[in-house]
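Asks: Mind having a look at this structure? Questions to follow.
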């Protein structure tokens, strides 16, 4: 029997994931919690073989960081990151921090459970790239790598001068990139742009 823990702060999605696992022969839910930090504690208390881990959990606890700590302490536990964040940085960090697989919440049940079974069997399943989303009148794939870095800082609420300092470039260069992105998206200002990428879950601001 494969013992599964589900870590998801949205009750409806958590219940849905529970139903997927309970219908799968040979699998059972042994814990279902809203916070990543609690998941780490529970691994000391109960036998867990697989964790379905959200990225942004209760109290802004970082699921990726928790998954890395769990993997370090319990290397035998498999972890599938299940997220709605299409930020490429999330995909990159999941691989770097030792998650076994990652997929997206809007995936149908059959696809997600196939990923779960393959992960338990020892495979590592990651998408080649995140799903494409619309940001104003632009597609997420239209942004350059440098523009994405600027976007991350905008979402953090940094000023042009602070972004320039963080990136080691001139303020005029930062403004150039922001202007290009505003032209692509047809937004009027950087605040609209930052809000749009946050709402689309295109850029994630993850707590440590």
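Residue numbers (our numbering): 1 to 208. Using N, Cα and C, we set each Cβ at its ideal position, and we do this for glycine too. Predicted model only: the values in this text are computed from it and were never measured.
For residue 125 and residue 162, I'd like the C-alpha separation in whole angstroms.
Replies: For the purposes of this step, residue 125 is taken as the residue at position 125 of the chain shown. For the purposes of this step, residue 162 is taken as the residue at position 162 of the chain shown. C-alpha separation (whole angstroms): 37 Å.
Asks: Give the range of the alpha helix (DSSP H) segment to which residue 156 is assigned.
Replies: Reading the chain shown from its first residue, position 156 is the one you call residue 156. Premise fails: residue 156 is in no alpha helix (DSSP H) and is neither H nor E.
Asks: Would a C-beta distance cut-off of 9 Å place residue 54 and residue 79 closer than the cut-off?
Replies: Translated into positions along the chain shown, residue 54 becomes position 54. Translated into positions along the chain shown, residue 79 becomes position 79. In this structure, residue 79 does not lie closer than 9 Å to residue 54 by Cβ.
Asks: From the DSSP output, in three-state form, read off residue 22 for me.
Replies: Locating residue 22 in the chain shown gives position 22, counting from the first residue. The answer is helix: DSSP assigns residue 22 an H, G or I state.
Asks: What residues in its chain sit with their C-beta under 8 Å from that of residue 48, if we drop five residues either side in the sequence?
Replies: In the chain shown, counting from the first residue as 1, residue 48 sits at position 48. Taken in chain order, the residues that qualify are 3, 4, 5, 30, 31, 42, 74 and 77.
Asks: Shortest alpha-carbon distance to residue 8 belongs to which of 116, 50 and 57?
Replies: Here residue 8 corresponds to residue number 8 of the chain shown, with the count starting at 1. When only C-alpha atoms are compared, the closest one is 57.
Asks: Checking contacts by CB at 9 Å: is residue 56 closer than that to chain D?
Replies: In summary, chain D is missing from the structure at hand, where a single protein chain is found.
Asks: Can you tell me whether residue 132 is buried or exposed, with buried defined as 16 or more other CB within 10 angstroms of its CB?
Replies: For the purposes of this step, residue 132 is identified with residue 132 of the chain shown, where counting begins at 1. The residue in question, residue 132, is exposed, as its Cβ has fewer than 16 Cβ neighbours within 10 Å.
Asks: Is the Cβ-Cβ distance between residue 140 and residue 127 less than 9 Å?
Replies: On the chain shown, residue 140 is found 140 positions in, with the first residue counted as 1. On the chain shown, residue 127 is found 127 positions in, with the first residue counted as 1. Their beta carbons are not under 9 Å apart, which means residue 140 does not touch residue 127 by this criterion.
Asks: Assess contact between the segment 99 to 110 and the segment 140 to 150, defined as three or more Cβ pairs (one per stretch) separated by less than 8 Å. Is contact present?
Replies: No, the segment 99 to 110 does not touch the segment 140 to 150.
Asks: Helix, strand or coil for residue 58 per DSSP?
Replies: What you label residue 58 is simply residue 58 of the chain shown in a count that begins at 1. Note: residue 58 maps to helix in three-state DSSP.
Asks: Assuming residue 184 contacts residue 160 (C-beta within less than 8 Å), just tell me the rounded distance between them.
Replies: For the purposes of this step, residue 184 is identified with residue 184 of the chain shown, where counting begins at 1. For the purposes of this step, residue 160 is identified with residue 160 of the chain shown, where counting begins at 1. Between residue 160 and residue 184 the Cβ distance is about 18 Å, and since that is not below 8 Å, they are no contact.
Asks: Restricting to runs no shorter than 4 residues, where is the alpha helix (DSSP H) found entirely within the segment 99 to 148?
Replies: Segments of the alpha helix (DSSP H) lying fully in the segment 99 to 148: 109 to 120.
Asks: Can you tell me which of the three DSSP states residue 53 falls into?
Replies: The residue you call residue 53 lines up with position 53 of the chain shown. Looking at residue 53 - three-state DSSP - the assignment turns out to be strand.
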